[in-house]
Amino acid sequence: TADDDAVRVTIIDDGVAFDPLTAPPPPLDVPAEERPIGGLGIHFIRTVMDSVTYARKDGKNVLSMEKKRPASP
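In terms of the numbering used here, the sequence shown opens at residue 71 and continues consecutively.
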């Protein structure tokens, strides 16, 4: 959803319980070719979004994200 203040996205899946907010940060001080594959999507979400929450509800993963819109000039 989007309004004048923010854009909000909620992703719901019925996969294995996984709280991405508890995942360790990727080792960005290591060259890319030496890092394990994966984990940058979670890092990107944490870095770009203003608010991220996770919940396990009714056997589903619910990840909600919010990015505030800049104020109009």
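For every residue, glycine included, the Cβ atom is placed at its ideal position computed from N, Cα and C.
Small disclaimer: the values here were computed from a predicted structure and weren't measured.
Worksheet entry | C-alpha gap between ARG139 and ALA76, whole angstroms | Cα atoms of ARG139 and ALA76: separation of roughly 5 Å, rounded to the nearest angstrom.
Worksheet entry | Span of the alpha helix (DSSP H) around VAL118 | Counting along the chain, the alpha helix (DSSP H) containing VAL118 begins and ends at 110-118.
Discussion item. Which same chain residues end up closer than 8 Å to ALA87 when comparing Cβ atoms and leaving out the 5 residues on each side of it in sequence?
Written reply: Here the set comprises ARG126 and ASN131.
Worksheet item: What does DSSP give as the partner residues of ASP83 in its beta bridges?
Response: Paired residue(s): ASN131.
Worksheet item: Going by alpha carbons, who is nearest to PRO90 out of GLU136, ALA141, GLY129 and GLY111?
Response: Here the closest residue by C-alpha is GLY111.
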